[in-house]
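For reference, the structure is listed below as C-alpha cells.
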Amino acid sequence: IHHHPQPYAFGYSVRDHHSAQHRQETTNGHGSVVGSYEFTDARGIARQVNYVADHAGFRAQVNTNEPGTSNQNPAAVHLNSYQPHVLRAVEPVHAHPVGVVAVSAVHRLGPRYGLEHDGYGYGVS
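Just so you know, UniProt numbering puts 61 at position 61 of the sequence shown, and the rest follows in order with no gaps.
In C-alpha cells form, the structure reads like this:
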C-alpha cells in the first residue's frame with residue numbers, strides 16, 4: 001500500500017528551572033518542510049536553528065551565543081554567532097615520558113560470578 005504524503009504541522013515547548021526547548025515544523029505534503037528548534041541551557045547558552053528542506057535541498061540558519069563559534073558557512077548552513085571574541089594566551093604543552101611496568105598474567109582469581117555463573121554463559125569457565 002502506498003500512502004501519499006500528507007500536510008502536517010506540529011510543535012512543542014518545554015521549560016523548567018534549568019533550560020528551555022522549543023520546536024515547530026510544517027510541511028505542505030509535496031516534499032517541502034519548514035521548521036525551527038531552539039534550546040537554552042542553565043548557563044544561558046542558546047541555539048536557534050531555522051531550516052527549510054525542499055527540492056533545492058536542506059538549508060539551515062543557526063543563531064547562537066555558544067563559545068568558540070564563528071561564521072564559517074559550511075555547506076548551505078549560515079551560522080550567526082553573537083559570542084564575543086576573546087583572545088587568550090595559549091600555554092605551551094610539554095610532553096613527559098610515561099613509564100611502562102610489566103605485569104604478569106592472572107589465570108584465575110577464584111570463584112567467578114556474572115554471565116558465566118553456574119555453567120551459564122559464553123563457554124568461559
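Built from N, CA and C at the ideal position, the CB exists for glycine as well.
With residue i as the anchor, note down where its beta strand (DSSP E) starts and where it stops.
i	result
HIS22	20-27
GLN6	Element bounds for GLN6: n/a, residue is neither H nor E.
THR64	57-64
Tell me whether residue i, by its Cβ, gets closer than 7 Å to a heavy atom of the ligand GTP.
i	result
ASP54	No copy of the ligand GTP occurs in the structure displayed, which carries no ligand at all.
So, with DSSP's three-state summary, where would you put residue i?
i	result
ALA42	coil
VAL124	With a pLDDT of 47 at VAL124, under the threshold of 50, the modelled position of this residue cannot be trusted, and the question is left open.
GLY31	coil
SER70	coil
ASP16	coil
GLY11	strand
Can you name, in chain order, every residue of its own chain whose Cβ lies under 6 Å from the Cβ of residue i, other than the five neighbours on each side?
i	result
GLU38	HIS22 and GLN48
ALA53	VAL33
ALA9	THR26
PRO97	none
Taking the straight line between their C-alpha atoms, what separation do you get for residue i and residue j?
i	j	result
GLY57	PRO7	19 Å
HIS55	ASP16	38 Å
SER70	GLN61	13 Å
GLY11	SER36	9 Å
HIS2	ASN50	31 Å
ASN63	ASN28	25 Å
ARG59	GLN24	16 Å
Between residue i and residue j, which are expected to be in contact by the criterion C-beta below 8 Å, what is the C-beta distance as a whole number of angstroms?
i	j	result
PRO67	HIS30	So it is not a contact: roughly 40 Å between Cβ atoms.
So, for residue i: in the same chain, excluding its five sequence neighbours on each side, which residues have a beta-carbon less than 7 Å away from its beta-carbon?
i	result
ILE45	ASN65 and GLU66
Apart from the five residues just before and just after residue i, which ones in its own chain have a Cβ nearer than 8 Å to its Cβ?
i	result
HIS18	ASP41 and ALA42
VAL14	ALA20, GLN21 and HIS22
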